[in-house]
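Following UniProt numbering, the numbering of the sequence shown begins with 1 at its first residue and continues without gaps. The structure appears right after this line, and notes come after that.
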Amino acid sequence: MQELPTQADFLAQEVARLSKQNADLQVALYTAYARIEQLEREKGDDADALRGKGENGD
1 MQELPTQADF LAQEVARLSK QNADLQVALY TAYARIEQLE REKGDDADAL RGKGENGD
């Protein structure tokens with residue numbers, strides 16, 4: 001005879017699912033911030049390069 005899941009079983013499954021979802025979102029957020037920082041550094045490098053060309057071209 002199979003036992004029916006209890007409310008505690010259901011809640012445990014929900015907590016596990018939400019914990020995994022939270023971990024996935026934290027990884028996505030960390031990755032997004034790292035990408036933003038990389039793009040800002042590249043943007044700064046491009047601006048520095050353009051300023052250098054302007055100074056040399058004058």
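Each residue gets a CB set at the ideal place from its N, CA and C atoms; glycine is no exception. Just so we're clear, the structure is a prediction, and the values are computed from it rather than from any experiment.
> Alpha carbon to alpha carbon, what distance is there between E42 and A12?
Replying inline: Mapped onto the sequence shown, residue 12 falls at position 12. Mapped onto the sequence shown, residue 42 falls at position 42. Straight across, the Cα-Cα distance linking A12 with E42 is about 45 Å.
Check your understanding: Three-state secondary structure (DSSP) at L11?
Key -> Position 11 of the sequence shown holds residue 11. Three-state result, L11: helix.
Give the secondary structure of Q26 by DSSP, where H, G and I count as helix, E and B as strand, and everything else as coil.
-> Locating residue 26 in the sequence shown gives position 26, where the first residue counts as 1. Reduced to three states, the DSSP call for Q26 is helix.
*asked:* Quick check: the Cα distance between D46 and I36, rounded to an integer number of angstroms?
replied: One-based indexing of the sequence shown puts residue 46 at position 46. One-based indexing of the sequence shown puts residue 36 at position 36. The straight-line gap from Cα to Cα measures roughly 15 Å.
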